[in-house]
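Residue numbers (this note's numbering), protein chains in the order written: chain A, -16 to 112; chain B, 24 to 409.
Glycine included, C-beta positions come from ideal geometry on N, C-alpha and C.
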């Protein structure tokens, strides 16, 4: 049911872990539903310099977390915002229909991390002014 | 490969395959035809019926061949409901039944206006016979409770529930799919009117099962056709599979005691080691009233499917009650009925042992699983924050 690509990301997840004092954190999902993703980003000169994830979930949840971090790493904030779950599915060369929500969760996680980063930027600016 | 999913299905015993062989090829005849080779097939089917009847402490005439547990459950429930519709429209079952029972009840509710009481269970998964008694109304026409649960292995007080059903003269069906072949069954002693079994759960072929229907019990067929099985389950008999199932019963009868004592030692050792090595896990099901081959555990902060995939990479086959493996977004209805929270239910694993398992299998699983859990927990946002 899973592609080779997916199993590879599941077995060897890229960018797994936590970033201390991250510039943005996206916490999405719900333990009741069995999938939770936390995406951490470090941003420098408007570019995602580092990104990591922590995930509680099934094989697809872990693999989509891994893929989204790979896709976003090195991108500008604006470029990263354009990444969707379809890009994740493309990298994985397919995802079972029942697992589509995992790819959406990955997209939401990244976007939530960016939003969190923007919020922090704004409050810093406010404090600065 | 280490196969630890015997509650899902078992390998067909070589003696069973051997016994079935010639009934596929040179003895392919339809048992309903008039010529002598057909009569030989008829005799073989009836001999098999006799063996299966003895295996369940029933009369040969009380055994109906079906395609398996699901069909047996469907005939018992829908067949009774349709026959008793004028008498009442209330069914009593439990929250932890197999979907073959639960979804049949849902169908009867929707199509025929039946009402179902889904009895709760205690934290070990046991149905309280007192609850059964309390749920009975003058409209109750059927009670259906499983003998042993497929996920957690808990064994239900069928004999006692059967007594209550008799007292009120209500038809009592028992889904015996998980217990048949594992423990001795006497349908008489259990006070049941219907009892479902499935051959592939005890080293027989797939696609064959039986329904014990007590002599005189009222029900209607749910499929229509020829005269086979007295018209109660028409269709040309699956001769090789019927003969295979009878052989599987014979083997089970002879090896049950040995299987039970050996598998229990292995299962207990597996649980002991996992509990020792993995922090924050719990064992589900009743400590004693439980199938000797079944172990269901919840590993906190890890999701079940991800553990199964890693076990599979190591050649270990098991199952889980996580949402991801149930094909829905809900984790196992059985674990939820025990009062386990969804978060924890997502981290469930079921190991169900069988004849070919050895202590070496147990050693390997108890070596590998703690490492798998540790790695997945490293990835989990909940574990890291502890």
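> How would you label residue 49/A, buried or exposed, when you count the other beta carbons within 10 angstroms and need 16 or more for buried?
Replying inline: buried
> What residue range is occupied by the uninterrupted alpha helix (DSSP H) comprising residue 91/A?
Replying inline: 83 to 111
> In three-state terms, what does DSSP make of residue 398/B?
Replying inline: helix
> For residue -4/A, which option in 33/A, 44/A, 15/A, 93/A has the closest C-alpha, if you only look at C-alpha atoms?
Replying inline: 44/A
> What's the C-alpha gap between residue 26/A and residue 7/A?
Replying inline: 8 Å
> From 107/B, 311/B, 147/B, 186/B, pick the residue whose C-alpha is nearest to that of residue 161/B; which is it?
Replying inline: 107/B
> Taking three-plus beta-carbon pairs below 8 Å as touching, is the segment 115 to 129 of chain B in contact with the segment 266 to 274 of chain B?
Replying inline: no
>> Which residues in chain A have a C-beta closer than 7 Å to the C-beta of residue 225/B? List them in chain order.
In response: Those do not exist, as residue 225/B stays about 28 Å from chain A at its closest Cβ, beyond 7 Å.
>> residue 370/B and residue 245/B - do their beta-carbons sit closer together than 7 Å?
In response: no
>> Strictly below 7 Å CB to CB, what residues from chain B border residue 101/A?
In response: Those within 7 Å of residue 101/A in chain B number zero; the least Cβ separation is about 22 Å.
> Smallest Cα separation from residue 149/B: which of 392/B, 366/B, 362/B?
Replying inline: 362/B
> Since residue 134/B sits in a beta bridge, which residues does DSSP pair it with?
Replying inline: Note: residue 134/B sits in no beta bridge, so no partner.
> Can you list, in chain order, the stretches of the beta strand (DSSP E) that have 3 or more residues and sit fully within the segment -5 to 48 of chain A?
Replying inline: 7 to 13, 18 to 27, 30 to 39
> So what does DSSP say about residue 77/B, is it helix, strand or coil?
Replying inline: helix
> For the alpha helix (DSSP H) that residue 298/B lies in, which residues bound it at each end?
Replying inline: 262 to 300
> So, helix, strand or coil for residue 306/B, using DSSP?
Replying inline: strand
> Using a C-beta cutoff of 7 Å, does residue 345/B count as contacting chain A?
Replying inline: yes
> Just to confirm, are residue 6/B and residue 158/B a CB contact at a threshold of 7 Å?
Replying inline: Outside the modelled stretch of chain B, which goes from 24 to 409, sits residue 6/B, for which no answer is possible.
>> So within the segment 323 to 399 of chain B, which uninterrupted beta strand (DSSP E) runs reach at least 3 residues, ignoring any that extend past its ends?
In response: 371 to 375
> In terms of residue numbering, what span does the beta strand (DSSP E) encompassing residue 198/B cover?
Replying inline: 194 to 198
> Which residues in the same chain have their Cβ closer than 6 Å to the Cβ of residue 36/B, if we skip the five residues on either side of it in sequence?
Replying inline: 226, 274
> Looking at the C-beta of residue 19/A, does it have a partner C-beta in chain B at a distance below 7 Å?
Replying inline: yes
> What span of residues does the alpha helix (DSSP H) with residue 47/B cover, start to end?
Replying inline: 37 to 47
> chain C beta carbons: is any one of them nearer than 7 Å to that of residue 302/B?
Replying inline: The chain inventory of the structure shown lacks chain C, comprising the protein chains A and B.
>> Taking 7 Å as the threshold (beta carbon to beta carbon), is residue 402/B in contact with chain A?
In response: yes
> Going straight from the alpha carbon of residue 218/B to that of residue 378/B, what length do you get?
Replying inline: 24 Å
> Can you list the residues of chain B that residue 37/A reaches, using a CB-CB cut of under 7 Å?
Replying inline: 402, 403, 404, 407
>> Suppose you measure from the CA of residue 396/B to the CA of residue 383/B; what does that come to, to the nearest Å?
In response: 20 Å
> Which first and last residues belong to the beta strand (DSSP E) in which residue 232/B is found?
Replying inline: 232 to 236
> So which residues of chain A does residue 365/B contact, with C-beta pairs closer than 7 Å?
Replying inline: 15
>> If I measure Cβ to Cβ from residue 97/B and keep anything under 8 Å in the same chain, skipping five residues before and after, which residues do I get?
In response: 123, 127, 245
> Along chain B, which residues have their Cβ under 9 Å away from the Cβ of residue -6/A?
Replying inline: 332, 333, 336
>> Using a Cβ-Cβ cutoff of less than 7 Å, which residues in the same chain neighbour residue 325/B once the five nearest sequence positions on both sides are dropped?
In response: 370, 396, 399, 400, 403
> Among the residues of its own chain, which have a CB less than 7 Å from the CB of residue 85/B, if the five just before and after it don't count?
Replying inline: 76, 235, 236, 237, 238
> Would you say residue 345/B and residue 30/B are within 7 Å of each other, going by their C-beta atoms?
Replying inline: no
>> Within 7 Å of any Cβ in chain B, is that where the Cβ of residue 42/A sits?
In response: yes
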